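Heads up: the sequence lines are chains A and B, in that order. When the letters of the first sequence are read in order and numbered with numbering that gives the first Met the number 0, they come out as residues 0 to 124. When the letters of the second sequence are read in order and numbered with numbering that gives the first Met the number 0, they come out as residues 0 to 124. A short worksheet on the structure shown next.
2 protein chains.
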Amino acid sequence: MESQNQQRKSTGFLIKQRAFLKIYLITYIEQNQSYGMQLLDDIKSRFDGDGYKPQHSEIYRALHELLEDGVLTRGKIVKEGSKYQEVAVYHIGDKEKVNAYKKLIKHDLERCISILQKAVKDNFP
Amino acid sequence: MESQNQQRKSTGFLIKQRAFLKIYLITYIEQNQSYGMQLLDDIKSRFDGDGYKPQHSEIYRALHELLEDGVLTRGKIVKEGSKYQEVAVYHIGDKEKVNAYKKLIKHDLERCISILQKAVKDNFP
DNA sequence: ACATGAACAGTCTGTTCATCC
DNA sequence: GGATGAACAGACTGTTCATGT
Numbered sequence: 000m001e002s003q004n005q006q007r008k009s010t011g012f013l014i015k016q017r018a019f020l021k022i023y024l025i026t027y028i029e030q031n032q033s034y035g036m037q038l039l040d041d042i043k044s045r046f047d048g049d050g051y052k053p054q055h056s057e058i059y060r061a062l063h064e065l066l067e068d069g070v071l072t073r074g075k076i077v078k079e080g081s082k083y084q085e086v087a088v089y090h091i092g093d094k095e096k097v098n099a100y101k102k103l104i105k106h107d108l109e110r111c112i113s114i115l116q117k118a119v120k121d122n123f124p
Numbered sequence: 000m001e002s003q004n005q006q007r008k009s010t011g012f013l014i015k016q017r018a019f020l021k022i023y024l025i026t027y028i029e030q031n032q033s034y035g036m037q038l039l040d041d042i043k044s045r046f047d048g049d050g051y052k053p054q055h056s057e058i059y060r061a062l063h064e065l066l067e068d069g070v071l072t073r074g075k076i077v078k079e080g081s082k083y084q085e086v087a088v089y090h091i092g093d094k095e096k097v098n099a100y101k102k103l104i105k106h107d108l109e110r111c112i113s114i115l116q117k118a119v120k121d122n123f124p
């Protein structure tokens, strides 16, 4: 990923929401082209039982960063059903970058699960 | 917990580092009285393989909040071995609060694991 | 040097406002 | 009203500085 230029070092705690959302956005967009609000609703309903309700702005920020990095490309279409509601639809861009990013996130997700499972074991034996 | 007075609503993403550390602090202090730096080192070595290295200030902030809330109490002793190094040792305070807090965190940890496991399944089938 | 603590500052992200259809 | 985007602001936490032993 290009879009970061940290001057603060991470302590390596859990994954950030932005990165978490990005991986879902990529997957959903791979499956069928879609636009922001739709993606948000999909994610929300996926985590309905877990009390996680992401905010619309965070979705847009994630999409914008993926655009900047060339992971996604964007087009505009008129939303079906509606009169002239124009929405921004996304497609997969650079597949190399997609795969690199996926691999990164997969490791990080597993790392986070490991940390949390340790916490359950250590503190609730 | 008392020590929070949010005016911003959480979206319910992952657990915060502070809360995560608190549960370890409580458990370690239950097992044997200990002081800040020691607790930090214990936690660091526990997560050595996971790339998680918490910062000392975050440990102190967590301890201070647990003190304020009455979950812990504090005493001062002279560190063994050293000449006159005085350290702050902690003990369990209000056991009701400890148990209430533990229960809360346990649920949250499991919620987080659920979220992350969904992400692995959904995005890396 | 080790331990504790607090001030400062950067990052993430929730809230709000603006614009367009 | 639905969708997108950006500005603003608050919470969390990493970094640095201060103090005492």
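A virtual CB, placed ideally from N, CA and C, is assigned to each residue, including glycine. Note that the structure is a prediction, hence the values are computed from the model and not measured.
| query | result |
| --- | --- |
| Since A/Gly35 contacts B/Gly11 with CB under 8 Å, what's their CB separation in whole angstroms? | A/Gly35 to B/Gly11, Cβ: 20 Å. No contact. |
| Do you know how far the Cα of B/Ile104 is from the Cα of B/Asn98? | 10 Å |
| Can you tell which of A/Ile42, A/Lys52, A/Ser33 has its C-alpha closest to the C-alpha of B/Ser9? | A/Lys52 |
| What is the DSSP secondary structure of B/Thr72, reduced to helix, strand or coil? | strand |
| Okay, do the stretch 23–40 of chain B and the stretch 106–117 of chain A touch, 3+ Cβ pairs below 8 Å being the bar? | no |
| Report buried or exposed for B/Ile76, applying the criterion of at least 16 other Cβ atoms within 10 angstroms of its Cβ. | exposed |
| Does the beta-carbon of A/Arg110 have 16 or more other beta-carbons within 10 angstroms, so that it is buried, or is it exposed? | buried |
| Out of curiosity, what's the CA-to-CA distance linking A/Tyr89 and A/Gly74? | 6 Å |
| Less than 8 Å between CB atoms is the rule here; does B/Asn31 satisfy it with respect to chain A? | no |
| Suppose only complete runs of 3+ residues qualify. What are the beta strand (DSSP E) ranges in the stretch 29–63 of chain A, listed by chain order? | none |
| Between B/Tyr100, B/Asp47, B/Ser56, which lies nearest to B/Gly69 when the distance is taken from Cα to Cα? | B/Tyr100 |
| Nearest CA to the CA of B/Ala152: which residue from B/Gly48, B/Gln54, B/Leu66? | The requested residue 152 of chain B is not part of the displayed model; chain B covers only 0 to 124. |
| Alpha carbon to alpha carbon, what distance is there between B/Arg17 and B/Arg60? | 8 Å |
| List, in order along the chain, the chain B residues whose C-beta lies closer than 9 Å to that of A/Tyr23? | Ala118, Asp121, Asn122 |
| Alpha carbon to alpha carbon, what distance is there between A/Phe123 and B/Lys108? | Looking at the sequence provided, one finds Leu at residue 108 of chain B rather than Lys. Each residue's alpha carbon lies about 11 Å from the other. |
| So, with DSSP's three-state summary, where would you put B/Ile114? | helix |
| To the nearest angstrom, how far is the alpha carbon of B/Lys120 from that of A/His63? | 25 Å |
| Does DSSP classify B/Ile22 as helix, strand or coil? | helix |
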